[in-house]
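Right, one structure below, let's go through it.
Residue numbers (the numbering used here): 63 to 845.
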């Protein structure tokens with residue numbers, strides 16, 4: 063929406079001719095040397111042609127069927143690192159050389175080599191613009207990459223310096239279908255007007271009844287002609303509400319404290335200085351991020367600001383536990399949240415960013431009327447995130463986005479004002495929506511698993527905060543689900559959520575077990591996805607549980623408990639256990655002898671696949687002492703179609719039926735099956751009545767409301783494309799999945815140390831639930 067302030071590189075000095083005609087044609091001030099005169103994009107060189115669709119303006123296409131392409135530029139530079147003597151000379155008179163030299167000096171090249179020859183090559187990226195509305199066919203010029211090669215090591219992947227491309231609305235922008243250059247300045251009049259309108263549009267007559275324990279009073283009540291106050295103060299909730307009838311609006315700040323050396327320098331509130339903080343705080347003494355947040359609040363005339371560093375008493379354990387337990391509510395009820403996405407630390411301003419920008423001339427070789435200029439905007443971009451996601455999403459990626467606490471803050475905030483590298487993103491939802499990113503999703507077990515799957519890859523300074531950092535979300539889900547919360551999981555979903563996997567770095571079973579028994583910090587029980595403190599997914603190699611239909615529990619949870627620490631009922635835990643009744647079996651030796659181990663501790667056998675929570679291999683593996691526990695079953699996606707006549711496409715069938723935990727279908731005495739339709743699907747019916755053999759294949763296909771017409775190629779690969787309900791739940795078609803346990807010190811107690819699955823087709827003829835037919839029912843305790 064809004065572009066950050068830019069630094070335009072326009073070097074002075076004598077101009078080295080070579081592209082002067084092109085510059086003069088479009089009025090571009092950038093000077094280019096002989097080596098760089100081919101940097102401006104030449105559409106004729108890459109086989110482009112004119113295209114027009116409907117009423118759209120004429121635009122450039124490079125292929126009839128639109129393909130992603132990397133377009134080499136006729137440019138090569140060889141120079142000696144780190145002096146860059148050749149580039150330093152040309153940078154005095156060439157705008158592109160000046161930009162390249164500046165970005166090279168800020169790059170990671172110095173990490174790889176202290177000195178040596180490097181070469182630089184350029185490529186343009188022609189790709190579809192992710193984030194555009196369907197059919198998303200807007201192929202355009204997205205970026206310009208500089209590939210930095212180390213001459214002494216050709217095997218090393220080149221370092222990439224990326225520049226995104228945009229242009230002001232005009233012939234050049236429309237012809238190349240570039241992103242439009244947003245207004246200059248984060249808090250320019252145009253942006254303030256837009257955000258003000260969005261705030262007004264999203265307001266509701268009902269004010270929140272919640273107000274934080276403490277807030278910063280910014281003194282925004284001065285007259286417009288007065289200079290803004292130079293001081294603020296910390297006020298208690300009681301003082302802020304003393305003379306008002308309803309809770310006044312307040313703003314929350316979401317930001318990164320940064321590395322310890324940075325975080326330790328910011329002003330905080332402690333028990334020693336809280337009295338002083340309630341008297342006065344000089345604004346110039348607080349960190350740059352907080353100063354910027356104050357400026358934003360004053361622009362939108364918001365008097366109160368909540369910042370964790372100053373509104374929570376640092377070093378006071380009880381105050382921290384109390385405040386962290388309501389942090390989710392604090393963000394949920396804020397008038398809006400300021401997200402300092404571009405700031406890497408508390409001392410890094412998000413309002414005074416200045417990114418290098420170079421204006422380049424453009425005249426089409428195909429359509430001479432499509433001329434003008436475009437901009438190469440250099441920045442700290444990640445190539446994968448930039449080219450495979452929208453420009454808006456790539457703009458906010460960085461330390462802030464991957465911070466664990468931010469995960470909850472951005473999900474709970476009703477209105478977000480995100481300050482990215484180049485733009486301000488206003489993400490406001492209607493008052494009825496709770497999550498700005500999950501507004502259209504139900505608060506159910508599946509959405510929780512999706513949420514924690516994303517959260518598990520986030521970064522946190524203190525490992526013990528892994529549970530407190532999502533306690534606000536857990537509290538919200540608890541109200542919706544009415545279920546028992548167990549260290550990141552829900553009791554009624556344990557038959558699915560216990561089945562999580564991660565990339566194991568532990569080298570042996572002994573090392574893994576010792577980590578469970580180690581004195582000191584207790585993080586979570588062995589069965590909780592919190593325990594490994596790394597990225598997890600509810601799957602194992604070749605078996606993605608969340609994608610498979612008809613998941614059914616094959617176990618009973620007899621008892622489950624987690625003991626929490628302190629005042630946060632959804633925070634840290636000191637212990638936890640699950641008592642489960644299920645089919646169990648010892649891991650028999652003959653299964654392991656037939657195995658083939660691969661990296662990551664995965665073992666494939668004729669009857670089942672096993673994944674261990676450490677880096678096991680066939681030479682060190684000993685199968686003694688393990689216990690297999692059956693958790694659940696699901697439909698095998700490789701099962702052959704049935705011939706019953708009453709068929710459903712699996713994807714439609716799963717969407718039509720209510721979740722497993724509820725009544726999924728009703729079968730009457732006459733054999734009629736009633737299936738309740740999901741209003742989010744394309745079906746025009748509130749419900750459909752299906753009698754056995756009442757539809758043949760042709761009828762169902764032509765109706766389109768039941769059959770999943772995914773194409774013949776998909777039929778053999780998706781979940782039972784042509785199975786009736788009876789066959790879809792038949793035991794012989796069900797995969798079996800569960801946990802691998804290992805005995806703990808106390809008799810009858812076990813640790814989770816891995817996963818297994820067995821599929822009726824993949825492990826035929828003894829796979830699936832048949833694999834567990836002879837197992838013994840036992841009641842065991844997992845800690």
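From the three backbone atoms N, C-alpha and C, an ideal C-beta is built for every residue, glycine too.
- If we count Cβ pairs, one from each stretch, closer than 8 Å, do we get three or more for the region 413-430 versus the region 338-347? Counting Cβ pairs under 8 Å, fewer than three are found: no touch.
- Message: Let me confirm a value: residue 801 is counted as buried when at least 16 other C-beta atoms fall within 10 Å, else exposed. Which label applies?
- Response: Position 739 of the chain shown, counting from 1, holds the residue named residue 801. Flag for residue 801 reads buried.
- Message: Starting from residue 361, trace the alpha helix (DSSP H) in both directions and tell me its first and last residue.
- Response: In the chain shown, counting from the first residue as 1, residue 361 sits at position 299. 350-361 is the extent of the alpha helix (DSSP H) around residue 361.
- CB residue 820 to CB residue 792, shorter than 7 Å? Translated into the one-based positions of the chain shown, residue 820 becomes position 758. Translated into the one-based positions of the chain shown, residue 792 becomes position 730. At the C-beta level, residue 820 and residue 792 stay beyond 7 Å of one another.
- Task: Please determine, among 319, 795, 516 and 103, the residue with the shortest C-alpha to C-alpha distance to residue 437.
- Result: Mapped onto the chain shown, residue 437 falls at position 375. Nearest C-alpha to residue 437: 103.
- Since residue 462 and residue 407 are thought to touch, with beta carbons under 8 Å apart, how far apart are those beta carbons, to the nearest angstrom? On the chain shown, residue 462 is found 400 positions in, with the first residue counted as 1. On the chain shown, residue 407 is found 345 positions in, with the first residue counted as 1. Separation of the CB atoms of residue 462 and residue 407 is rounded to 10 Å, and the pair is thereby denied contact status at 8 Å.
- Query: Which residues mark the beginning and the end of the beta strand (DSSP E) in which residue 618 is found?
  - Reply: As a working note, residue 618 is residue 556 in the chain shown. 617-626 is the extent of the beta strand (DSSP E) around residue 618.
- For residue 108, does the three-state DSSP call read helix, strand or coil? Reading the chain shown from its first residue, position 46 is the one you call residue 108. Note: residue 108 maps to helix in three-state DSSP.
- Task: Go through its chain and collect everything with a Cβ distance to residue 616's Cβ below 6 Å, but skip five positions before and after it.
- Result: Indexing the chain shown from 1 puts residue 616 at position 554. Closer than 6 Å at the Cβ level, and outside the excluded window around residue 616, lie 692, 694 and 695.
- For residue 520, which residues of its own chain have a beta-carbon under 6 Å away from its beta-carbon, when the five flanking residues on both sides are left out? On the chain shown, position 458 is the one that residue 520 refers to. Taken in chain order, the residues that qualify are 464, 466 and 469.
- So does the region 574-594 actually touch the region 808-822, counting three or more Cβ pairs closer than 8 Å? Yes, the region 574-594 touches the region 808-822.
- Can we say the region 119-130 touches the region 179-186, given the rule of at least three CB pairs closer than 8 Å? Taking a cut-off of 8 Å for Cβ pairs, the region 119-130 and the region 179-186 do not touch, as fewer than three such pairs fall below it.
- Pick from 664, 315 and 381 that is closest to residue 366, judged by C-alpha positions: One-based indexing of the chain shown puts residue 366 at position 304. Among 664, 315 and 381, the Cα nearest to that of residue 366 belongs to 315.
- Message: Nearest by alpha-carbon distance to residue 324: which of 411, 383 and 355 is it?
- Response: By one-based count along the chain shown, residue 324 stands at place 262. When 411, 383 and 355 are compared, the shortest CA-CA separation from residue 324 is found for 411.
- Message: Please classify residue 824 as buried or exposed, where buried requires at least 16 other C-beta atoms within 10 Å of its C-beta.
- Response: Working through the chain shown from its first residue, we reach residue 824 at position 762. Counting Cβ neighbours within 10 Å, residue 824 comes out buried, since at least 16 surround it.
- Using the DSSP secondary-structure output, state which residues sit across from residue 644 in a beta bridge. By one-based count along the chain shown, residue 644 stands at place 582. Beta-bridge pairing links residue 644 to 617 and 840.
- Message: Does residue 26 pass the burial test, meaning 16 or more other C-beta atoms within 10 Å, or should it be called exposed?
- Response: With the chain covering 63 to 845 only, the question about residue 26 has no answer from this structure.
- Query: Closest to residue 574 by CA distance: which of 559, 556, 594 and 582 is it?
  - Reply: Here residue 574 corresponds to residue number 512 of the chain shown, with the count starting at 1. Of 559, 556, 594 and 582, the residue nearest in Cα terms is 594.
- Query: Hey, would you say the C-beta of residue 567 is under 6 Å away from at least one heavy atom of the ligand MG?
  - Reply: In the structure shown, the ligand MG is absent, as is every other ligand, since no ligand is present at all.
- Message: With distance defined between alpha-carbon atoms, name the residue in 624, 108, 701 and 224 nearest to residue 439.
- Response: Counting from 1 along the chain shown, the entry for residue 439 is found at position 377. The candidate whose alpha carbon is nearest that of residue 439 is 224.
- Since residue 423 and residue 88 are thought to touch, with beta carbons under 8 Å apart, how far apart are those beta carbons, to the nearest angstrom? Looking up residue 423 in the chain shown gives position 361. Looking up residue 88 in the chain shown gives position 26. Beta-carbon to beta-carbon, residue 423 and residue 88 are separated by about 5 Å, close enough to satisfy the 8 Å threshold.
- Task: State the CB to CB distance for the pair residue 508 and residue 563, rounded to an integer number of angstroms; the pair is presumed to be in contact (CB under 8 Å).
- Result: Locating residue 508 in the chain shown gives position 446, counting from the first residue. Locating residue 563 in the chain shown gives position 501, counting from the first residue. Between residue 563 and residue 508 the Cβ distance is about 17 Å, and since that is not below 8 Å, they are no contact.
- Does DSSP put residue 797 in a helix, in a strand, or in coil? What you label residue 797 is simply residue 735 of the chain shown in a count that begins at 1. Three-state DSSP puts residue 797 in a strand.
- Residues that residue 370 bridges to, as DSSP identifies them: Residue numbering aside, residue 370 sits at position 308 when the chain shown is read from its first letter. Answer by DSSP bridge pairing: none, since residue 370 is not bridged.
- Quick one: Cα of residue 236 to Cα of residue 513, how far? Numbered from 1 along the chain shown, position 174 holds the residue referred to as residue 236. Numbered from 1 along the chain shown, position 451 holds the residue referred to as residue 513. Their Cα atoms are separated by approximately 39 Å.
- Item | Where the alpha helix (DSSP H) through residue 575 begins and ends | Counted from its first residue, the chain shown places residue 575 at position 513. The continuous alpha helix (DSSP H) containing residue 575 extends over residues 571-579.
- Taking all protein chains shown into account, do 16 or more other C-beta atoms lie within 10 angstroms of the C-beta of residue 796, making it buried, or fewer, making it exposed? For the purposes of this step, residue 796 is taken as residue 734 along the chain shown, with counting starting at 1. Per the 10 Å Cβ criterion, buried.
- Message: Just list the residues that DSSP pairs residue 187 with in beta bridges.
- Response: As a working note, residue 187 is residue 125 in the chain shown. DSSP output for residue 187 lists 132 and 205 as bridge partner(s).
- Query: Would residue 122 pass as a contact of residue 420 if the rule is Cβ separation under 7 Å?
  - Reply: Here residue 122 refers to the residue found at position 60 of the chain shown. Here residue 420 refers to the residue found at position 358 of the chain shown. In this structure, residue 122 sits away from residue 420, with a CB-CB distance that is not shorter than 7 Å.
- Pick from 559, 544, 472 and 481: whose alpha carbon is nearest that of residue 510? Looking up residue 510 in the chain shown gives position 448. Checking every option, the nearest Cα to that of residue 510 belongs to 559.
- Query: At which residues does the beta strand (DSSP E) containing residue 557 begin and terminate?
  - Reply: The count along the chain shown starts at 1 and reaches residue 557 at position 495. Residue 557: not part of any beta strand (DSSP E); member of the alpha helix (DSSP H) spanning 556-559, first to last residue.
- Message: Could you tell me the alpha carbon to alpha carbon distance between residue 724 and residue 613, rounded to whole angstroms?
- Response: In the chain shown, counting from the first residue as 1, residue 724 sits at position 662. In the chain shown, counting from the first residue as 1, residue 613 sits at position 551. Residue placement at residue 724 cannot be trusted, given a pLDDT of 37 that sits under 50; the coordinates are not used to answer.
- Would you decide whether residue 934 is buried or exposed? Buried here means 16 or more other CB atoms lie within 10 Å of its CB. Past the boundaries of the shown model lies residue 934; the chain is included only from 63 to 845, so the question cannot be answered.
- Query: Based on the DSSP output, what are the partners of residue 277 in its beta bridges?
  - Reply: Indexing the chain shown from 1 puts residue 277 at position 215. Answer by DSSP bridge pairing, in chain order: 297.
- Would you grab the beta carbon distance between residue 635 and residue 549 for me? Rounded to a whole angstrom, and I think it's under 8 Å. Taking the chain shown and counting its residues from 1, one reaches residue 635 at position 573. Taking the chain shown and counting its residues from 1, one reaches residue 549 at position 487. That belief holds up - the Cβ atoms of residue 635 and residue 549 are roughly 5 Å apart, short of 8 Å.
- So what does residue 290 bridge to, in DSSP terms? Position 228 of the chain shown, counted from the start, is the residue given in the question as residue 290. None; residue 290 has no bridge partner.
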